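A.B. asks:
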Amino acid sequence: MRNNYSKLIYGLFLVLCLFPFVSSPIALLAGITLSLTIGNPFIVQTRKATHSLLQVSVVGLGFGMNAVAALKAGTEGFLYTVSGITVTLLLGYVFASFFKIERKTAFLISVGTAICGGSAIAAAAPVIDAKDNDTSVALGVVFILNSIALLLFPVIGHLLHLDQTQFGIWAAIAIHDTSSVVGAASHYGPVALATATTIKLTRALWIIPVTLFAGFVFKSQKKGVKIPWFIFAFFIAMILNTYLPSMSTVFSGIYQVSKQGLVITLFMIGSNLSKETLKSVGMKPLALGVGLWFIVSVLALLAV
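Numbering (the working numbering), first residue to last: 7 to 310.
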């Protein structure tokens with residue numbers, strides 16, 4: 007009976023996410039609240055669905071962006087990206103030594119903070135032969151901070167009177183996962199969304215060289231890296247939208263559906279934050295994640 011009740015409530019909230027009045031932060035917060043109170047009755051299904059739905063939604067968002075403007079934003083964000091990744095990985099190494107955190111766990115938290123959260127951790131873990139516990143702890147740390155960032159960053163941005171371009175750059179650098187970057191930026195405005203998405207996805211391509219380098223450092227024999235192909239599809243969508251104005255009505259429709267798809271994705275992501283995930287994260291790894299996140303956020307804010 008209780009399980010049926012949970013399914014009904016979950017389904018009701020999922021339907022509500024189809025409507026435009028439900029924003030990304032509200033959807034994420036609703037998912038977290040449900041998970042920590044009545045639980046997620048579809049935990050297996052939502053964990054499988056969120057990855058694909060996020061990728062499809064991000065590609066669809068490309069149909070609402072101008073390729074020329076996005077290229078300009080990506081070029082401007084290149085220096086921030088290189089500097090941010092380098093500083094974060096170096097700080098992660100220093101902090102890991104100070105807190106005496108297991109080397110591979112610390113690296114996974116650092117690479118998740120430096121590049122694109124859970125996606126970077128998932129790509130790097132097999133390359134450095136990380137244990138399941140190393141991966142789960144790193145994912146837990148990044149997931150918790152990622153959720154907080156989506157709710158907190160738009161508020162701070164408005165308080166500091168950041169314009170949309172400034173906020174887009176800041177969000178792309180300082181928020182971990184692509185989902186929360188896009189969610190926070192879409193809540194801030196269309197220019198912020200275009201800027202943040204382009205910089206974040208360009209940043210995500212650094213998964214490839216960074217994980218290959220990690221394999222060398224950790225002396226791993228597993229050199230294969232999973233390439234995030236959906237990023238290239240996103241750029242193709244932007245090009246089509248820019249140079250095929252006759253299809254603007256169709257592309258606009260895809261863009262609007264994709265924005266709502268992102269809201270649903272964030273609701274599911276929030277509902278996947280279980281009590282077990284919170285318990286699995288130790289104080290030292292959490293301290294490392296918070297320390298890196300705070301320093302990167304402040305430095306990025308000063309830079310923009």
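Every residue gets a Cβ at the ideal spot worked out from N, C-alpha and C, and that includes glycine. Because the structure is a prediction, the values reported are computed rather than measured.
Nearest by alpha-carbon distance to P196: which of L211, S286, D169 and P215 is it?
C.D. replies: When each option's Cα is compared against that of P196, the closest is D169.
A.B. asks: Any Cβ of chain D within less than 8 angstroms of the Cβ of G195?
C.D. replies: This model lacks chain D altogether; it includes just one protein chain.
A.B. asks: Quick one: what does DSSP say H164 is sitting in, helix, strand or coil?
C.D. replies: H164: helix per DSSP, three-state reduction.
A.B. asks: Please return the same chain residues whose Cβ sits closer than 6 angstroms to the Cβ of L313, not counting the five positions on each side in sequence.
C.D. replies: As displayed, the chain neither begins before 7 nor continues past 310, which places residue 313 out of reach and without an answer.
A.B. asks: Closer than 7 angstroms by C-beta to T52: which residues in its own chain qualify, once you throw out the five before and the five after it? Chain order, please.
C.D. replies: The residues are N46, M274, S277 and N278.
A.B. asks: I need the DSSP call for W212, collapsed to helix, strand or coil.
C.D. replies: Residue state, collapsed to three classes: coil.
A.B. asks: When you compare only the Cα positions, how much space is there between S142 and Y249?
C.D. replies: Going by the C-alpha atoms only, they are around 43 angstroms apart.
A.B. asks: Kindly list the residues whose CB is nearer than 7 angstroms to the CB of V310, restricted to its own chain and excluding five residues on each side of it in sequence; keep chain order.
C.D. replies: If we look at V310 and ignore the five residues flanking it on each side, its Cβ neighbours are Q172, I175 and W176.
A.B. asks: Which parts of the region 143-211 are runs of the alpha helix (DSSP H), unbroken and 4 residues or longer, counting only runs that do not cross its ends?
C.D. replies: Those alpha helix (DSSP H) runs which fall completely within the region 143-211 and span 4+ residues are 170-180, 184-194 and 196-210.
A.B. asks: Three-state secondary structure (DSSP) at P234?
C.D. replies: Three-state DSSP puts P234 in coil, outside helix and strand.
A.B. asks: Give me the Cα-Cα distance between L156 and S252, rounded to the nearest whole angstrom.
C.D. replies: Cα-Cα distance, rounded: 35 angstroms.
A.B. asks: Residues in its own chain within less than 7 angstroms of V97 by CB, not counting five upstream and five downstream?
C.D. replies: Sequence inspection shows Leu at residue 97; the Val mentioned does not correspond to that position. Within the same chain, L97 has close Cβ partners L298 and I301.
A.B. asks: Contact check, V188 vs I121 under 8 angstroms by CB: the rounded distance?
C.D. replies: Going by Cβ atoms, the distance from V188 to I121 rounds to 15 angstroms, so no, they are not a contact pair.
A.B. asks: May I have the straight-line CA-CA distance separating V62 from G17, to the nearest angstrom?
C.D. replies: Distance between the alpha carbons of V62 and G17 is about 21 angstroms.
A.B. asks: Leaving out five residues before and five after P160 in sequence, what residues of the same chain have Cβ atoms less than 6 angstroms from its Cβ?
C.D. replies: Taken in chain order, the residues that qualify are A190, H193 and Y194.
A.B. asks: Is the separation between the beta-carbon of V64 and that of T283 shorter than 8 angstroms?
C.D. replies: It is not a contact, given that the beta carbons lie outside the stated cut-off.
A.B. asks: So, are the CB atoms of H44 and S12 less than 8 angstroms apart?
C.D. replies: For the record, residue 44 in the displayed sequence is Ile; it is not His. Contact: yes.
A.B. asks: Please report how far the alpha carbon of A243 lies from the alpha carbon of K265, in whole angstroms.
C.D. replies: Whole-angstrom Cα-Cα distance: 14 angstroms.
A.B. asks: Would you identify the three-state DSSP class for K106, choosing helix, strand or coil?
C.D. replies: K106 falls in the coil class under three-state DSSP.
A.B. asks: In whole angstroms, what is the alpha-carbon distance linking A112 and V256?
C.D. replies: Those two C-alpha atoms are separated by around 45 angstroms.
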